[in-house]
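Here the protein sequences come in this chain order: E and V.
In terms of UniProt numbering, the first sequence is residues 1 to 816.
In terms of UniProt numbering, the second sequence is residues 1 to 460.
Cβ coordinates follow ideal geometry from the N, Cα and C atoms, glycine included.
Computed from a predicted model, the values in this text were never measured in an experiment.
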Amino acid sequence: MQNFSYRLSHAIMNNRGISILVIALITAFFGWGCRNVELKTIFSDLLPAEHPFVETFKDHPNFGNPLTVTIMVKRTDGDIYNVETLQKIWNLTRDVDLAPAVDHDQVISISTEKVRYAEATPYGIDTQPVMGDSAPKSAADIEEFKRRVDMAPLARRFYISQDGTATIITATFIERLLDYGQTFEYLQGIVEKARDGQHEVHMAGMPALTGWVYRYQQQMIGIFAITGIALILCLVLYMRNLAGVLSPLVTSVVTAIWGFGFVGWLGLAIEPLIMVVPLLLVARSFSHCVQFTERYYEIYLHVGNRRKAAEIALSVMMAPSVLGIFTDVAGLLLIAVAPIPAMERFAVFCGWWAAMLVPANVFLSPLVLSFLPPPKNVRQITGADGDHGLHAAIKRFLGHVATLTYGRAARVTTVVFLIITGVSTYEFLQMKVGNPVEGSNILKEDGEFNTAVAAINRSFPGVNTLEIVLEAKNQTNPDRVARQAETIAIMAKLQYLIEHMDNPPRASLSFADYLPEANRLFAGGNPKWSPLDPTNEATGAAVGAVMLGTSPKAFLHVTDFEQQNATVSLWYKDNKQETVDHALAQVRKAVEMVGADHPAFTIRLATGTIALQQSINDTVAHYEYIILGALNLVILIGCALAYRSITAGFFLLIPVNLANLYLGAVMVELGIGLDVNTLPIASIGIGVGIDYGIYLLSRICEEYQATKRYDHAIRAAIMTTGKAIFFTASIVAVGILPWYFLSDLKFLADMGLLLVMVMTINMVLAIVVVPLMVWLFKPHFVTRDDLLVGESIDLSQYTEGRALEQAELKPMAAAQ
Amino acid sequence: MHIRKYDAGFSRRQFLERTAKGVVAAGVLQPLWPLIANAQDTAKAYPEELQSIDAYTKGKIKTGDIVDAGNVDIVKDLLDPITFKQIKEMGRRIKIVKTATDPLVLNSNKYLEATVRNAGKAKLDGAGNVVTQDGKRWIGGNPFPNAKTGEEVYANLSLSWGRNDVGFYALRDCDISPSGEIAYKYDFCWVEQNVAGLTSDPNKPYLEGFDDMLRFQTVFFSSPNDVRGTSFLSNHFYDQSKFPDLFGYLPAFKRERRFPTNQRFEPLVPGLTLFLSDAWHAGDPMLTWGNYKIVDTKPHLAAAGSNWHGDRPGWEPEVHGGPKGISFYEYEYELKPEVLVIDSEPTGYPRAPVGKRRTYVDVRNMQGLVSNTYDRRGELWKLVEAPYGRYERNGKTVKDGNGEVVWSVQSCMAHDIQSNRLSRFYMAEEIGGGYKPSWNSGNLYEQFLTIQAIRRLGSS
């Protein structure tokens with residue numbers, strides 16, 4: 001018994017004061033780091049950093065309007081050409097100009113001076129805003145307004161819907177000044193105020209999406225409180241004693257402080273979208289503690305001394321606990337393999353937190369238990385007086401389950417699992433990459449934001465763009481590449497080619513679209529002057545006409561401020577995967593036809609919502625299996641070392657991979673595809689789920705030593721450790737499931753549901769498939785008594801403690 | 001001798017009391033205006049603490065010192081908020097020089113003569129326009145040298161922008177991006193011909209034939225090639241409630257374009273941060289703005305009159321600061337003893353993105369020093385800063401058509417601190433196209449200030 005874990009346990013329990021002091025100092029250090037913790041969504045960090053589309057996006061952040069909010073006003077009982085609606089648009093536009101961090105030069109609606117019409121008059125080209133110095137106030141004013149709108153083709157195309165019932169206001173924000181939460185709350189306030197019986201008002205755009213996520217952070221605090229209370233309630237119901245409740249609470253709080261403090265010191269922002277995982281870790285901390293505490297009680301019952309019981313429990317539980325936590329950590333850390341910055345930060349934060357379960361759960365837990373008064377119901381909890389109530393019911397149920405895993409029933413169970421596995425494999429192969437909804441997959445499809453996106457998509461070209469970037473080779477080219485004839489010609493040609501392919505985009509726009517109208521007007525107004533001569537002089541003249549008296553900011557969606565780079569924007573009807581594939585194929589073909597390399601510029605694919613969605617899908621598809629493969633390898637090595645058997649490693653990997661397979665099948669049935677929301681699930685599922693297998697297999701090994709019979713060992717293991725697994729899986733479900741029902745963030749709801757599902761499947765497989773495989777294959781390692789992870793111990797050497805036990809238990813019995 | 005009564009606290013108390021009571025009376029130790037009228041040193045009107053940074057800061061900053069991020073907090077209350085931010089956060093620095101006090105240095109000579117000559121002859125008519133006591137257009141100089149209200153101060157700024165009857169300014173511009181690099185460069189000419197309130201000849205306060213006009217003004221670009229010949233013509237009416245006519249001309253099409261008259265908050269060409277509305281802190285007719293209010297009277301640090309660099313090649317000032325070290329001009333600043341802070345709002349522009357403009361005006365010459373605009377939320381938005389002074393340095397001088405040493409604007413910086421884009425331009429010795437600056441050198445109307453003229457400019 002004088003092994004490392006025993007010596008360490010002995011040292012810790014003999015120096016309890018110092019041990020507590022060290023942990024308290026570390027906690028104080030990380031607690032101080034917590035003041036730097038920042039919950040922050042950085043959307044660009046949700047994108048895979050190395051993907052060429054994301055690189056294009058980062059090099060040209062203006063294209064695709066990521067900082068633009070679109071507000072649509074729709075008249076529900078007619079068109080917008082009435083005094084009331086136009087006044088509402090005027091007021092709303094002025095209110096938008098008051099939004100925090102708005103770029104005042106980039107607030108555009110039909111009521112701003114930037115939406116103009118132009119006409120050639122004998123005195124020159126007269127350009128005026130389509131709306132005068134106030135909203136139209138009479139029928140005559142409205143007729144004049146309509147006349148002007150008819151003379152403003154781009155305004156008609158992009159700012160008023162074809163049926164005339166809707167119009168949009170766009171506002172771009174200055175990123176350096178933008179506080180998403182503050183700006184969103186302001187805009188949402190004016191949008192809600194503008195709604196009435198005759199007007200729908202919708203708001204979309206990345207700042208609005210981020211604002212919704214920020215708003216739901218408040219909701220998250222509420223859900224945290226609910227799940228926290230539910231978890232504590234579970235503990236109270238299960239343990240019914242102070243030590244059993246307080247010990248998991250203390251260790252979980254300490255781990256949380258270490259987790260948050262660590263990222264606080266590192267200065268890493270925590271992505272609120274992944275906060276369900278720390279909650280999973282709290283639940284994991286609870287479950288580790290519960291398993292430890294149950295073991296502690298069993299030993300305490302024998303040795304009758306709290307300090308000694310804690311020391312023995314620590315020495316026997318150290319190895320399986322560390323191994324279990326090691327797999328959690330591996331699962332979480334390996335998520336960082338996917339080069340998505342938010343996932344990398346997530347892996348560091350959660351991986352560290354999980355790793356800290358070792359010192360907190362394995363070492364602090366016994367220290368806390370050794371100080372707390374002995375539980376009065378220790379005999380009930382351990383079943384020493386026979387099981388009662390819930391504990392007995394669970395045990396009886398698990399006894400029935402155990403019979404499925406050995407003897408004749410095992411064959412039937414095997415066949416059933418083979419069939420389920422076959423069907424699941426078929427389903428799994430149907431799994432699609434990508435999980436498109438109209439709008440953002442982070443929010444619910446019927447939520448206000450996605451409803452807004454759908455409404456805007458119905459009335460306008462929409463928000464699903466694919467941007468083809470024409471990038472200057474020399475960013476300080478004195479001739480300004482976006483103003484050159486060849487650049488303009490290639491833009492126009494790309495648009496022409498793509499618009500003449502099958503299933504063309506709904507609309508396309510480039511800087512080239514602005515030039516013919518300017519050319520026509522300045523050349524005298526005759527339509528024959530619309531086409532540009534293909535010379536730099538003619539193109540430059542048209543550009544000069546467009547830019548005269550205007551800030552380049554008005555064209556930032558098509559060319560950058562310095563007019564070196566430009567984009568061709570293509571609007572597609574939706575972002576479903578088939579549309580995305582089709583759009584990318586179209587664009588690649590068109591670029592191939594015009595050539596990507598030109599003397600002054602290169603054509604780069606691509607940015608915009610469609611390209612960025614594809615970049616995530618590509619990365620998820622690529623790294624999902626790399627992560628799983630690496631995780632399997634790490635766990636195989638870890639388990640093989642712990643059980644000193646490679647067979648044991650494979651034994652444990654089979655159920656968790658089966659769990660992943662079954663989860664995939666369920667996802668296919670539920671219509672959920674692989675995406676960034678689901679990327680961490682499989683990894684966490686395997687890392688965390690394998691714990692159950694380790695605990696059960698260790699117990700089977702231990703029980704086997706007592707009876708040398710597989711069926712008895714399996715039954716005993718399922719009814720003891722299986723019960724703990726059942727409880728811990730339940731506690732994880734209690735911790736996470738509320739997110740599915742309560743969170744308006746689909747991202748969190750999806751993660752919550754899938755995590756509960758994968759953990760539940762893992763539990764069932766651990767309780768049924770692991771023993772079933774032991775029964776079927778009867779592996780040699782089970783018969784060995786020198787396993788690193790064995791929990792067995794000869795308590796007879798502590799029997800002198802029985803006297804103490806009796807002394808301590810008598811008053812308890814009296815109290816009962 | 002230092003008279004203890006007249007310490008900085010005394011001056012400050014007196015300024016506060018005056019502002020609170022709505023009383024404007026320039027000068028602390030004695031009234032300012034009689035000194036100026038008699039060409040006496042304005043120093044007599046103020047205690048030492050208001051004319052010496054050494055005294056004001058009790059020696060923490062001395063004349064000749066550089067104010068930068070390290071010590072700007074000492075003089076925070078002497079700076080406008082954007083200049084303070086530029087120095088504190090953006091790497092700008094300023095050099096403190098001795099405060100000029102001679103009225104002949106503080107003013108264009110002819111303009112000062114007219115101001116003295118015509119003192120007391122101006123009034124605001126029922127519509128708010130400046131007229132003589134007998135109801136005629138103004139006859140030259142500051143109509144309200146001892147201005148008592150915000151409107152009167154702005155009348156001084158609006159009637160003669162450049163303080164010369166005719167100005168032909170050859171300007172070299174750089175527009176700096178948020179990353180501190182040059183995004184656009186232009187050479188352009190700003191031509192300004194006043195037709196009322198002329199000062200060169202006391203007997204000819206008006207240019208004949210333009211009875212209802214105040215001035216004509218053209219901006220035309222001579223470089224780079226893609227904008228060469230592009231020009232804008234503004235015809236300003238004497239009635240300050242009327243929007244100027246605004247025409248643009250594109251040489252490539254040989255066609256002018258008429259702009260919305262109230263389009264005053266857009267750049268003329270891509271990259272410029274200075275809008276028509278911003279020019280001279282009073283780019284728009286004064287009655288198209290409103291709610292003028294004197295909100296403070298205070299000593300202030302602002303650009304001195306010594307920022308013309310005739311001793312440098314092409315008169316180009318040195319630059320520094322910003323991310324690439326080229327954002328700001330090196331300016332010499334002086335402590336202005338008494339500055340009026342005027343707020344006004346663009347009441348005539350229902351779509352204006354500006355909420356308020358705060359202008360700092362030196363009471364000694366009624367010259368705008370710097371203005372900060374605020375957006376409608378009340379957030380700081382833009383700075384316009386332009387030093388004025390005599391064109392003389394190290395023995396080099398420039399003279400105008402009257403044979404006087406030129407007193408004029410020397411350079412300008414316009415900084416949108418929200419988007420962090422900055423335009424800076426200086427009066428150049430010569431710009432692309434061979435244009436050179438001149439002042440009061442004959443009538444430029446036919447040559448530069450008609451539609452036919454801007455057509456000609458475009459085709460030349």
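Boundaries for W315 of chain V: no alpha helix (DSSP H) harbours it, and the DSSP string shows neither H nor E there.
Between G325 of chain V and the set V:A282, V:I182, V:Y249, V:A386, the nearest pair of CA atoms involves V:I182.
Using a CB distance below 8 Å, no part of the stretch 32–51 of chain E faces chain V. Within the stretch 318–401 of chain E, the runs of alpha helix (DSSP H) at least 4 residues long that lie entirely inside it are, in chain order, 341–355, 365–371, 378–382.
At a beta-carbon threshold of 9 Å, the residues of chain E lying near T230 of chain V are G544, L548, ordered along the chain. Taking CB atoms only, R147 of chain E has no neighbour in chain V less than 8 Å away. DSSP places V131 of chain V inside the beta strand (DSSP E), whose first and last residues are 130–132. A distance below 8 Å separates the beta carbons of F328 of chain V and R92 of chain V. Shown here for D618 of chain E: same chain residues with a beta carbon closer than 7 Å to its own, the five before and five after excluded, namely H51 in chain order. Taken in chain order, the complete alpha helix (DSSP H) segments of 4 residues or longer contained in the stretch 398–462 of chain E are 409–429, 448–459.
If you keep only unbroken alpha helix (DSSP H) runs of at least 4 residues inside the stretch 74–151 of chain V, you get 81–89, 103–106, 109–117.
Taking the Cα positions, A585 of chain E is about 13 Å away from L494 of chain E. DSSP, read as helix, strand or coil, puts S408 of chain V in strand. Assignment of beta-bridge partners to I26 of chain E by DSSP yields no partner.
Assignment of S419 of chain V by DSSP, reduced to helix, strand and coil, places it in the coil class. If you look at N372 of chain V, you'll find it in the beta strand (DSSP E) that goes 367–375. At a cut-off of 8 Å between C-beta atoms, D126 of chain E counts as an interface residue with respect to chain V. In the same chain as F184 of chain E, and ignoring 5 residues on each side of it, the C-beta atoms closer than 8 Å to its own belong to P207, A208, T210, G211, W212, Y214, R215, in chain order. Residue environment for H281 of chain V: buried (at least 16 other C-beta atoms within 10 angstroms of its C-beta).
Secondary structure of Y333 of chain V (DSSP, three-state): strand. Per DSSP, V782 of chain E lies in no beta strand (DSSP E) segment and is marked neither H nor E. Contact of G525 of chain E with chain V by beta-carbon distance below 8 Å is absent, the smallest such distance being about 10 Å.
Close CB contacts of A39 of chain V within its chain, under the 7 Å cut and outside five residues either way in sequence, are with P103, L104 (chain order).
For the stretch 455–487 of chain E, the set of residues with a beta-carbon nearer than 9 Å to any beta-carbon of chain V comprises T476, P478, D479, R480, R483, in chain order.
Ranked by Cα distance from Y388 of chain V, the options V:F448, V:V361, V:L380, V:G305 are led by V:G305. At a cut-off of 8 Å between beta carbons, A453 of chain V makes no contact with chain E. Looking at V:P267, V:G229, V:F448, the one whose alpha-carbon comes closest to that of F168 of chain V is V:F448.
Counting the other Cβ atoms within 10 Å of the Cβ of M593 of chain E gives fewer than 16, which makes it exposed.
Linking I110 of chain E to Y117 of chain E through their CA atoms gives a straight-line distance of about 11 Å. Under the Cβ distance rule, L106 of chain V does not count among the residues neighbouring chain E, no pair being separated by less than 8 Å. Under a criterion of Cβ atoms nearer than 9 Å, no residue of chain V is adjacent to D141 of chain E; the nearest Cβ is some 15 Å distant.
Here T559 of chain E is near A482 of chain E, since their CB atoms are less than 8 Å apart. Taking 8 Å as the threshold, the shortest C-beta distance from H104 of chain E to chain V falls below it.
Annotated three-state conformation of H557 of chain E is coil, per DSSP. Neighbourhood of S419 of chain V in chain E, by CB distance below 7 Å: D103, I174, in chain order. Contact note: T170 of chain E does not reach chain V at a C-beta cutoff of 9 Å; the least C-beta distance is about 15 Å.
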